[in-house]
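Undergrad: Below are the structure tokens for one structure; questions will follow.
Number of protein chains: 2
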Amino acid sequence: MEPVPMLLAMTYRALGDQFHDRLGQIGLEPLRPAHGYVFRFLKEKRATTVDIGQHLGVTKQAAAKIVTELDDWGYVLREPHPTDKRAQYVTLTTKGRDYLKFADNLWADLESEMAEAIGADTLATIKSGLAAYLRHVHGEDQPGLRPVW
Amino acid sequence: MEPVPMLLAMTYRALGDQFHDRLGQIGLEPLRPAHGYVFRFLKEKRATTVDIGQHLGVTKQAAAKIVTELDDWGYVLREPHPTDKRAQYVTLTTKGRDYLKFADNLWADLESEMAEAIGADTLATIKSGLAAYLRHVHGEDQPGLRPVW
DNA sequence: AAGGTTAGACAACTTGGTTGACTACTTTGG
DNA sequence: CCAAAGTAGTCAACCAAGTTGTCTAACCTT
Chain A
1 MEPVPMLLAM
11 TYRALGDQFH
21 DRLGQIGLEP
31 LRPAHGYVFR
41 FLKEKRATTV
51 DIGQHLGVTK
61 QAAAKIVTEL
71 DDWGYVLREP
81 HPTDKRAQYV
91 TLTTKGRDYL
101 KFADNLWADL
111 ESEMAEAIGA
121 DTLATIKSGL
131 AAYLRHVHGE
141 DQPGLRPVW
Chain B
1 MEPVPMLLAM
11 TYRALGDQFH
21 DRLGQIGLEP
31 LRPAHGYVFR
41 FLKEKRATTV
51 DIGQHLGVTK
61 QAAAKIVTEL
71 DDWGYVLREP
81 HPTDKRAQYV
91 TLTTKGRDYL
101 KFADNLWADL
111 ESEMAEAIGA
121 DTLATIKSGL
131 AAYLRHVHGE
141 DQPGLRPVW
């Protein structure tokens with residue numbers, strides 16, 4: 001049997017490719033995974049560029065590039081930080097929230113197709129098993145998501 | 001709960017980081033994942049640079065760079081193809097096979113630690129579940145491994 | 001008020017890939 | 001059997017997405 005990491009990488013890849021393909025078919029600009037993770041992060045909390053870098057596990061400079069792109073494309077905007085004149089909050093625009101909603105539906109589709117293919121109970125075991133392992137390794141403060149290869 | 005792809009990426013990452021750290025502690029040069037996948041591939045079959053590129057899911061030029069590195073470091077050597085004068089077989093040296101053996105043990109350690117953390121049965125379900133999904137998506141001819149982020 | 005820290009911007013560089021072009025050899029089809 | 005098309009490998013130019021390093025302005029001690 002394949003070693004675990006290989007299985008993880010290939011499955012991630014298979015899911016990601018399908019996601020990407022379907023977005024493309026709809027004609028939606030296929031942002032990179034990092035962009036999606038930023039959306040997901042911004043939905044939860046107000047965040048600065050530095051926060052985003054932390055969350056993604058990249059330098060603030062790299063995060064700044066991503067934020068600039070998203071800003072140029074109209075998915076986010078920067079608004080002044082209420083108390084800190086150096087900082088800016090990055091917030092989702094309506095376009096950004098719509099994209100996220102659409103993407104979430106797509107992910108849900110893929111996940112339920114996966115459940116259908118291998119069994120909902122198996123999928124549930126996979127999810128809780130991986131989550132348990134991550135807690136085991138990292139405790140409560142998970143690190144950034146960071147590139148993988 | 002986190003979406004599946006996130007869990008996959010984070011777990012892959014967590015395992016890979018531990019692997020990398022432990023290799024570093026031993027003082028062994030920590031090759032990149034791609035190198036490891038090449039070793040694993042060469043153990044199975046005789047392969048040319050083009051084959052390797054195919055397997056990794058990168059261009060032959062990118063594969064050639066990797067092979068050149070491995071050659072320079074003494075992990076593989078190129079020998080003339082018996083029937084095709086253009087081609088060369090890339091084969092593991094003893095150093096390469098030793099590295100692979102060592103890495104395999106390390107992976108096995110990590111996997112059994114994972115089994116201990118989440119239960120051997122859960123791990124087994126994860127592995128077979130993911131494998132089943134990959135068969136479902138790709139049929140028998142799996143694509144390359146390819147970068148992920 | 002002084003000294004250390006932090007958010008963000010700018011620039012130079014690195015890494016790991018890409019595309020394109022070319023040579024030498026191989027395979028195929030009339 | 002040979003001409004045309006295809007393939008292995010190499011070289012070179014380029015690109016994307018990160019990195020490090022430096023700087024300014026603002027912030028936080030004390």
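Protein sequence lines, in the order shown, are assigned to chains A and B. The first sequence begins at 1 in full-length UniProt numbering and counts up by one. The second sequence begins at 1 in full-length UniProt numbering and counts up by one. Heads up, the beta-carbon is just placed ideally off N, CA and C, and yes, glycines get one too. Quick caveat, the model's predicted, so the values are computed rather than measured.
1) Identify whether A47 of chain B lies in helix, strand or coil by the three-state DSSP scheme.
2) Helix, strand or coil for Y25 of chain A per DSSP?
3) Where do the ends of the beta strand (DSSP E) carrying L92 of chain B lie?
4) Please name the residue in B:P5, B:M10 and B:F39 whose C-alpha comes closest to that of L145 of chain A.
5) Does any CB atom of chain A fall closer than 8 Å to the CB of I66 of chain B?
6) Which bits of chain B does W107 of chain A rub up against, with CB to CB less than 7 Å?
7) Classify E2 of chain B as helix, strand or coil using the three-state DSSP reduction.
8) For a quick check, are the C-beta atoms of G16 of chain A and P5 of chain B less than 8 Å apart?
9) Would you check if the distance between the CB atom of L100 of chain A and the CB atom of V76 of chain A is smaller than 8 Å?
10) Once DSSP output is grouped into helix, strand and coil, what is the label at R78 of chain A?
11) Examine chain B for any beta-carbon lying closer than 8 Å to the beta-carbon of G16 of chain A, and answer yes or no.
12) Here's the rule I'm using: 16 or more other beta-carbon atoms within 10 Å means buried, otherwise exposed. How should A108 of chain A be labelled?
13) In terms of alpha-carbon separation, which member of A:N105, A:T122, A:A14 and A:Q88 lies closest to A64 of chain A?
14) Could you tell me the distance, in whole angstroms, from the CA atom of L123 of chain B to the CA atom of E116 of chain B?
15) For Y99 of chain B, return the contacting residues in chain A, with the cut-off set at a CB-CB distance below 8 Å.
16) Look at the Cβ atom of A103 of chain A, then the Cβ atom of G36 of chain A, and state whether they are nearer than 8 Å.
17) Does the distance from the CB of Y12 of chain A to the CB of Y12 of chain B come in under 8 Å?
18) Near L70 of chain B, which residues of its chain fall below 6 Å by C-beta distance, leaving aside the five closest residues on each side in sequence?
19) So, under 8 Å CB-CB, L110 of chain B and F39 of chain B are touching, yes? Tell me the CB distance rounded to an integer number of Å.
20) Please list the partners that V38 of chain B has in chain A, where partner means a Cβ-to-Cβ separation under 7 Å.
21) In three-state DSSP terms, what is R32 of chain A?
22) Closer than 8 Å by beta-carbon distance: list the chain A residues that pair up with E111 of chain B, in chain order.
23) Using the beta-carbon of each residue, which ones in chain B are nearer than 9 Å to H138 of chain A?
24) Compare the C-beta of G96 of chain A with all C-beta atoms of chain B and state if any pair is closer than 8 Å.
25) Less than 8 Å separating the beta-carbons of V67 of chain B and T49 of chain B?
26) Within its chain, find whatever has a CB closer than 7 Å to the CB of G74 of chain A; leave out the 5 residues flanking it on each side and keep chain order.
TA: Here's the rundown:
1) Within the second sequence, the letter at position 47 stands for residue 47 of chain B. In this structure, DSSP gives A47 of chain B an extended state, which the three-state scheme calls strand.
2) Translated into the one-based positions of the first sequence, residue 25 of chain A becomes position 25. According to the sequence as given, residue 25 of chain A is Gln; it is not Tyr. Note: Q25 of chain A maps to helix in three-state DSSP.
3) Counted from its first residue, the second sequence places residue 92 of chain B at position 92. Counting along the chain, the beta strand (DSSP E) containing L92 of chain B begins and ends at Q88 to L92.
4) Counting from 1 along the first sequence, the entry for residue 145 of chain A is found at position 145. Ranking B:P5, B:M10 and B:F39 by Cα distance to L145 of chain A puts B:M10 first.
5) To locate residue 66 of chain B, count along the second sequence from 1; it is residue 66. No, I66 of chain B lies away from the interface with chain A (no Cβ there is under 8 Å from its Cβ).
6) Within the first sequence, residue 107 of chain A is the residue found at index 107, counting from 1. Those are P3, listed as they occur along chain B.
7) Translated into positions along the second sequence, residue 2 of chain B becomes position 2. Residue state for E2 of chain B is assigned as coil, using DSSP reduced to three classes.
8) Indexing the first sequence from 1 puts residue 16 of chain A at position 16. Indexing the second sequence from 1 puts residue 5 of chain B at position 5. In this structure, P5 of chain B lies closer than 8 Å to G16 of chain A by Cβ.
9) Here residue 100 of chain A refers to the residue found at position 100 of the first sequence. Here residue 76 of chain A refers to the residue found at position 76 of the first sequence. In terms of Cβ geometry, L100 of chain A and V76 of chain A do not form a close pair [threshold 8 Å].
10) The sequence position of residue 78 of chain A within the first sequence is 78, counting from 1. In this structure, R78 of chain A counts as strand in the three-state DSSP scheme.
11) Mapped onto the first sequence, residue 16 of chain A falls at position 16. Chain B, which has a Cβ nearer than 8 Å to the Cβ of G16 of chain A, makes this yes.
12) The count along the first sequence starts at 1 and reaches residue 108 of chain A at position 108. Around the C-beta of A108 of chain A, fewer than 16 other C-beta atoms lie within 10 Å, and the residue is accordingly described as exposed.
13) Your numbering for residue 64 of chain A matches position 64 in the first sequence. Closest option to A64 of chain A, Cα to Cα, is A:Q88.
14) Here residue 123 of chain B is taken as the residue at index 123 of the second sequence, counted from 1. Here residue 116 of chain B is taken as the residue at index 116 of the second sequence, counted from 1. A direct Cα-to-Cα measurement between L123 of chain B and E116 of chain B gives close to 9 Å.
15) Indexing the second sequence from 1 puts residue 99 of chain B at position 99. Under the 8 Å cutoff, chain A gives no residues; its nearest Cβ is about 15 Å from Y99 of chain B.
16) For the purposes of this step, residue 103 of chain A is taken as residue 103 along the first sequence, with counting starting at 1. For the purposes of this step, residue 36 of chain A is taken as residue 36 along the first sequence, with counting starting at 1. In this structure, G36 of chain A lies closer than 8 Å to A103 of chain A by Cβ.
17) For the purposes of this step, residue 12 of chain A is taken as the residue at position 12 of the first sequence. For the purposes of this step, residue 12 of chain B is taken as the residue at position 12 of the second sequence. The answer is yes: Cβ separation under 8 Å.
18) For the purposes of this step, residue 70 of chain B is taken as residue 70 along the second sequence, with counting starting at 1. In its chain, beyond the 5 residues on either side, V76 have a beta carbon closer than 6 Å to the beta carbon of L70 of chain B.
19) Locating residue 110 of chain B in the second sequence gives position 110, counting from the first residue. Locating residue 39 of chain B in the second sequence gives position 39, counting from the first residue. Their Cβ separation, rounded to whole angstroms, is 17 Å, which puts L110 of chain B and F39 of chain B out of contact at 8 Å.
20) Here residue 38 of chain B refers to the residue found at position 38 when the second sequence is read from its first residue. Under the 7 Å cutoff, chain A gives no residues; its nearest Cβ is about 13 Å from V38 of chain B.
21) The sequence position of residue 32 of chain A within the first sequence is 32, counting from 1. In the three-state scheme derived from DSSP, where H, G and I count as helix and E and B as strand, R32 of chain A is classed as coil.
22) Here residue 111 of chain B is taken as the residue at index 111 of the second sequence, counted from 1. Those within 8 Å of E111 of chain B in chain A are P3 and V4.
23) Counting from 1 along the first sequence, the entry for residue 138 of chain A is found at position 138. Within chain B, the residues near H138 of chain A are M10 and A14.
24) Numbered from its first residue, the first sequence carries residue 96 of chain A at position 96. Answer no: the Cβ-Cβ gap between G96 of chain A and chain B never drops below 8 Å.
25) Here the question's residue 67 of chain B lines up with position 67 in the second sequence. Here the question's residue 49 of chain B lines up with position 49 in the second sequence. Contact: yes.
26) Along the first sequence, one-based indexing puts residue 74 of chain A at 74. Here the set comprises T93 and K95.
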